[in-house]
Amino acid sequence: MSLFVMEGVAKRYGGVRALEGADLALQAGRIHAVLGENGAGKSTLIKIMAGVVQPDAGRLLLDGQPVSFPSPAAAHAAGIACIFQELSLIPDLPVADNIAISNPPRRFGLIDRRAQRRMAEDALARAGADDIHPLALVKDLSLSRRQMVEIAKALARRPRILILDEATSALTAADVMKIYSVLKRLRGEGLALVYISHRMHEIAELADECTVFRNGRSVAHYPAGTKSDGEVVELMIGRDYDAVFPALAARPDGAETPRLELRQLGWGDRVVDISLHLHAGEVIGLGGLDGQGQRELLLALFGVLRGTTGELLIDGRPVTIVGPAAAKRSDIGMALIPEDRKTEGLMLAMSVRDNLSFAALGRLATAGIVDAAAEADAVARIVRLLAIRCDGTDLPASSLSGGNQQKLVIGKWLMMAPRILLLNDPTRGIDVGTKQEIYVLLRQLAEAGTAIVFYSTDYDELVGCCDRVLVMYDGRIRRELVGGEITEHALVSSALNIGADADGAAGAVRP
Amino acid sequence: MSSDWPYRLREHRGTLLALLAFVVMFAIYATNHPVGLNANVATTAANKGVLLAIVAMAQTLVVLTSGIDLSVGMVMVLANCLASAIVVGSPRATALGVLAVLGVGLLCGAINGAIVIYGRLQPIVTTIATGAVYYGAALALRRVPGGDVDASLAEALTGQLPGGSIPASLALLLALVLVVWLPFRHSAIGRAAYAVGSSELAAYMSGVPIRRAKFVAYLLSGLLASVAGLFLTCITYSGEASAANGNTYTLYSIAAVVLGGVSLFGGSGSAIGAIFGALMFRTIGDLLFVFNLDPLWQPLFQGVVLAAAVCLGAARLLHVRNRLDLYG
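Which chain is which? The protein sequence lines are S and W, in order.
The numbering of the first sequence is my numbering, which starts it at 65 and goes up by one.
The numbering of the second sequence is my numbering, which starts it at 73 and goes up by one.
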């Protein structure tokens with residue numbers, strides 16, 4: 065009998081379907097890999113198992129008995145421990161306090177620090193991290209070490225089911241090796257392990273069985289090693305999405321000076337050795353898995369990051385951009401459409417008009433006084449151009465739908481007629497109709513001579529919108545795809561760093 | 073495994089720095105005092121310092137959960153007015169009076185906590201509002217200053233310990249640390265309060281009882297504020313519904329918390345640090361006196377020291393590499 069079963073689980077967020085008819089069965093003493101593209105529903109599945117969100121439909125069975133987890137504490141009590149992508153550690157507390165946080169050992173009602181110390185040392189040893197001092201503060205540890213503490217913390221609860229959600233993505237190669245042997249030992253001890261990873265070689269190394277998710281459904285379940293990497297990628301992509309993209313124009317020849325050029329741009333180990341040329345009228349896509357340095361690359365271009373290395377040239381002239389205010393100056397003319405429109409893109413409580421004119425106020429004002437007539441004209445022009453649907457520009461931005469809010473963020477920067485436009489996943493969480501309007505708009509802007517860098521987690525968009533796509537992995541550009549080479553298959557396999565890549569990096573452990 | 077003490081020093085750095093700064097300032101004060109540090113001078117200084125230290129402890133509990141309590145001073149004033157009316161008479165009546173004053177403190181804390189947690193209102197707005205209510209209640213009790221307090225209780229708390237020249241108020245402070253602070257610090261609920269202040273999301277994900285932890289912090293904060301009110305009554309032998317007094321103590325308690333190395337972002341620091349922060353803040357004022365400077369300079373001087381402490385705390389921002397973190 066299966067230790068834990070999920071049957072027909074469904075979950076919607078607002079109008080967006082995250083999971084529908086998802087099935088999963090876990091056995092004791094087995095490592096179960098869960099695969100799928102970005103947004104296939106894996107994270108939601110895990111959150112349901114861990115009691116963080118509640119399913120709308122379906123049932124959970126533990127030892128054959130129906131169960132429900134109304135809170136993370138309830139899932140802990142049932143023996144389910146989860147290691148999240150986003151860390152669940154308390155930065156200001158020592159390692160030992162963190163490991164014992166959900167149920168500290170007590171004596172006379174107070175925490176027994178000695179027992180807690182033993183518990184922490186024991187858990188760190190089990191996680192293969194006995195070089196971490198139990199009294200060190202979590203905020204003083206590196207990301208890789210923190211992730212090891214997270215694993216120790218999960219093990220200290222003596223779970224029956226251990227879920228690892230991209231648990232290795234932040235680890236150094238040395239820590240990854242330790243984790244492999246730890247996981248195999250735990251499997252031997254009879255735990256059921258759920259392993260989520262985008263790294264195909266890790267799955268080949270560890271998994272006993274695999275389940276593939278696509279668009280919120282579990283589409284295939286098979287014993288590990290019975291399908292080739294190519295077949296797995298086919299399963300992950302599927303064939304049920306078809307968007308209409310505007311036709312690409314002929315690519316301008318690269319003879320003239322590039323509008324934007326990077327020479328060996330770097331920022332710590334998050335952005336490494338990035339060189340690229342971007343010409344007027346060109347759309348470059350950034351591909352790859354979530355969190356491979358794409359966001360940091362855009363922020364570095366926009367002058368938000370301190371301590372970047374390498375060279376940045378605009379129109380062949382080396383420049384140093386010290387912040388968004390410098391980036392938007394007319395000689396550079398750069399605009400960034402940020403990832404999170406609600407916090408970084410809009411002032412939700414302020415009016416549509418104020419939001420639109422913010423970035424361009426300097427152009428609309430004479431001697432510091434905003435010319436109201438010029439502002440009204442410019443705002444009306446943008447609202448028409450982007451077909452922003454609102455009942456008046458005096459209403460707060462929060463009254464608009466998600467798609468129209470996103471148009472507002474884009475419109476705000478179009479007010480200043482940018483020469484270089486950076487977009488960070490601009491279509492995430494908006495409806496298909498608005499998406500298509502944004503695709504058309506990007507193409508119009510490119511034809512009018514704007515140079516565009518477009519990061520998207522949706523592979524279809526990269527195929528449909530971009531002249532070139534740079535696929536990133538671990539902060540580096542792994543592969544450049546041009547024109548007809550940009551296919552979903554090529555994007556997914558280079559994002560996963562598998563297949564017959566030109567650089568022969570298949571199966572390599574990260575350096 | 074390497075030795076423990078570098079890690080212990082790191083964890084308690086804020087508290088230790090506050091202790092060190094206080095010792096240095098107090099040494100300067102004591103060695104330059106015109107009459108020297110006799111028992112009466114020490115007792116007067118201790119009583120003033122301990123009063124602020126208790127309010128600062130109350131403030132610390134809330135600040136640790138990354139909240140702020142702008143009603144502590146008013147709870148103290150309310151407790152002062154109540155104590156000046158009921159902590160008198162027979163020993164039995166006095167004891168019951170003390171319990172009633174502490175009970176009112178707990179009630180004030182419970183009201184603050186319930187509104188912040190279950191009403192999901194911001195602590196700063198909530199406690200401005202409840203503070204005004206508590207002050208209104210104090211005013212209803214004492215339209216004009218007056219009242220009395222049991223003399224033997226007052227003498228026991230504000231005088232000197234029997235058979236020595238040690239101020240009794242220091243023993244009161246020590247007792248509060250032993251009975252209220254240390255059990256809180258070493259209980260699971262106290263740990264939870266730190267966790268909530270440091271990262272509420274991570275605390276939730278770890279199955280920590282978030283609401284209970286916050287509620288206990290507000291509850292104990294109210295209790296300590298009422299102890300301060302009781303102690304104030306013992307110093308002055310009367311009650312006064314003074315808005316200026318309440319507001320001053322509220323703001324000074326925040327200053328003491330910052331000087332004591334407690335992070336206003338929550339999750340880091342200790343009430344013991346805040347105690348030394350409070351004593352330091354009082355000593356700054358007294359330093360002007362021993363050096364014969366015009367007392368008019370006192371607010372300015374205290375402000376400069378506070379600003380310097382805050383600057384030290386902000387030094388970490390120089391190391392931020394992603395400018396977005398500055399605004400997060």
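Note that beta-carbon positions come from the ideal geometry of N, C-alpha and C, so glycine has one too.
Computed from a predicted structure; not experimentally measured.
Residue i Cβ short of 6 angstroms to the ligand GDP heavy atom set
i: S:Y523; result: The ligand GDP is not part of this structure, which contains no ligands at all.
Residue i vs residue j beta-carbon contact at 7 angstroms
i: S:M479; j: S:A442; result: yes
i: S:Q328; j: S:S339; result: yes
i: S:I175; j: W:H258; result: yes
i: S:P198; j: W:A260; result: no
i: S:I154; j: W:S271; result: yes
i: W:A343; j: W:M129; result: yes
i: W:I126; j: W:A300; result: yes
i: W:V159; j: W:T166; result: yes
i: W:Y321; j: W:M148; result: yes
i: S:G128; j: S:G72; result: no
i: W:V252; j: W:T137; result: no
i: S:G192; j: S:V159; result: no
i: W:A313; j: W:A210; result: yes
i: S:M300; j: S:E101; result: yes
i: W:L291; j: W:A155; result: no
i: S:I401; j: S:P490; result: yes
Per DSSP, cross-strand counterpart(s) of residue i
i: S:N419; result: Answer is none; S:N419 lacks a bridge partner.
i: S:E274; result: Residue identity check: residue 274 of chain S is Cys in the sequence provided, not Glu. S:A97, S:Y286.
i: S:R327; result: S:E375
i: S:P136; result: DSSP output for S:P136 lists no bridge partner at all.
i: S:G351; result: S:V535
i: W:H105; result: DSSP lists no partner for W:H105.
i: S:Q358; result: According to DSSP, S:Q358 bridges with nothing at all.
i: S:C146; result: S:I227
i: W:H84; result: Paired residue(s): none; W:H84 is not in a bridge.
i: S:R251; result: The partner list for S:R251 (beta bridge, DSSP) is empty, contrary to what the question assumes.
i: S:N488; result: S:Y519
i: W:F98; result: For W:F98, which the question treats as bridged, DSSP gives no partner whatsoever.
i: S:I541; result: S:M536
i: S:H341; result: S:E325
Among the options, nearest to residue i - alpha-carbon criterion
i: W:A328; options: W:E227, W:L378, W:N104; result: W:L378
i: S:G397; options: S:F148, S:K406, S:G387; result: S:G387
i: S:V283; options: S:K106, S:G367, S:L67; result: S:K106
i: S:L485; options: S:K392, S:G72, S:E501, S:R81; result: S:K392
i: S:A145; options: S:F172, S:G115, S:L125, S:P134; result: S:G115
i: W:S310; options: W:L136, W:P239, W:G161, W:D222; result: W:D222
i: W:N394; options: S:L400, S:V246, S:A364, S:D395; result: S:A364
i: W:R263; options: S:M241, S:D293, S:A436, S:D156; result: S:D156
i: S:L270; options: S:A86, S:K242, S:R281, S:V297; result: S:K242
i: S:R483; options: S:A268, S:V517, S:L312; result: S:V517
i: S:A311; options: S:V347, S:I378, S:L226, S:L326; result: S:V347
i: S:I378; options: S:R323, S:S520, S:A218; result: S:R323
i: W:I307; options: W:I187, W:A228, W:D397, W:Y206; result: W:A228
i: S:A139; options: W:A265, W:V280, W:T199; result: W:V280
i: S:E214; options: W:A274, W:T199, W:T198; result: W:A274
- [ ] Give, in chain order, every residue of the stretch 247 to 265 of chain W whose Cβ lies closer than 7 angstroms to some Cβ of chain S.
- [x] From the stretch 247 to 265 of chain W, only P255, H258, S259, A260, R263 have a Cβ closer than 7 angstroms to chain S.
TODO: Please specify which runs of the alpha helix (DSSP H), each continuous and at least 4 residues long, are wholly inside the stretch 353 to 392 of chain W, giving them in chain order.
DONE: 370 to 385, all fully within the stretch 353 to 392 of chain W.
TODO: Kindly provide the ranges of any alpha helix (DSSP H) runs that are 4 or more residues long and lie completely inside the stretch 368 to 428 of chain S, ordered along the chain.
DONE: For the stretch 368 to 428 of chain S, whole alpha helix (DSSP H) runs of length 4 or above, ordered along the chain, are 388 to 391, 416 to 421, 425 to 428.
Open item on the list: By the 7 angstroms beta-carbon criterion, what residues does the stretch 279 to 298 of chain W contribute toward chain S?
Closed with: Considering only beta carbons, the part of the stretch 279 to 298 of chain W lying closer than 7 angstroms to chain S consists of G279, V280, in chain order.
- [ ] Note down, in chain order, all residues in the stretch 329 to 363 of chain W with a beta-carbon under 7 angstroms from any beta-carbon belonging to chain S.
- [x] The stretch 329 to 363 of chain W vs chain S, Cβ under 7 angstroms: G339, S340.
- [ ] Using a Cβ-Cβ cut-off of less than 9 angstroms, give me the residues of the stretch 469 to 492 of chain S that come near chain W, in sequence order.
- [x] Hits within the stretch: zero.
Task: Interfacial residues, the stretch 133 to 156 of chain S to chain W, with Cβ spacing under 9 angstroms - done: Correct list: S135, P136, A137, A138, A139, H140, A141, C146, F148, E150, L151, S152, L153, I154, P155, D156.
Open item on the list: So if I threshold CB-CB distances at 7 angstroms, which residues from the stretch 366 to 383 of chain S count as touching chain W?
Closed with: Listed in chain order, the positions of the stretch 366 to 383 of chain S with a beta carbon within less than 7 angstroms of a beta carbon of chain W are V368, L369, R370, G371.
Task: Selection of the stretch 74 to 94 of chain W by Cβ proximity to chain S, strictly under 8 angstroms - done: Taking 8 angstroms as the Cβ-Cβ cut-off, the stretch 74 to 94 of chain W approaches chain S at S74, D76, Y79, R80, R82, E83, given in chain order.
Open item on the list: At a CB distance below 7 angstroms, what residues from the stretch 505 to 521 of chain S approach chain W? Give them in sequence order.
Closed with: Those would be none; no residue qualifies.
- [ ] Quick one: which residues of the stretch 121 to 141 of chain W get their C-beta closer than 8 angstroms to a C-beta of chain S? List them in chain order.
- [x] Of all residues in the stretch 121 to 141 of chain W, none has a Cβ within less than 8 angstroms of some Cβ in chain S.
Task: Residue ranges of each beta strand (DSSP E) within the stretch 160 to 234 of chain S, 3 or longer - done: Restricting attention to beta strand (DSSP E) runs no shorter than 3 residues, the stretch 160 to 234 of chain S encloses them at 225 to 229, ordered along the chain.
- [ ] With a floor of 4 residues, list each alpha helix (DSSP H) that falls wholly inside the stretch 105 to 179 of chain W, ordered by position along the chain.
- [x] Taken in chain order, the complete alpha helix (DSSP H) segments of 4 or more residues contained in the stretch 105 to 179 of chain W are 111 to 136, 144 to 158.
Open item on the list: Quick check for students: name the residue ranges of the alpha helix (DSSP H) that lie wholly in the stretch 425 to 452 of chain S, counting only runs of 4 or more.
Closed with: You should have 425 to 428, 436 to 450.
TODO: Identify each residue in the stretch 174 to 201 of chain W for which the Cβ-Cβ distance to at least one residue of chain S is less than 9 angstroms, and report them in chain order.
DONE: For the stretch 174 to 201 of chain W, the beta-carbon criterion of a distance under 9 angstroms to any beta-carbon of chain S is satisfied by none of its residues.
Task: Interface positions of the stretch 183 to 202 of chain S facing chain W (Cβ-Cβ less than 7 angstroms), listed along the chain - done: Answer set for the stretch 183 to 202 of chain S: H197, L199, A200, L201.
Open item on the list: Residues of the stretch 166 to 183 of chain S in Cβ contact with chain W at a cutoff of 7 angstroms, in chain order, please.
Closed with: Within the stretch 166 to 183 of chain S, the qualifying residues are S166, P168, R170, G173, L174, I175.
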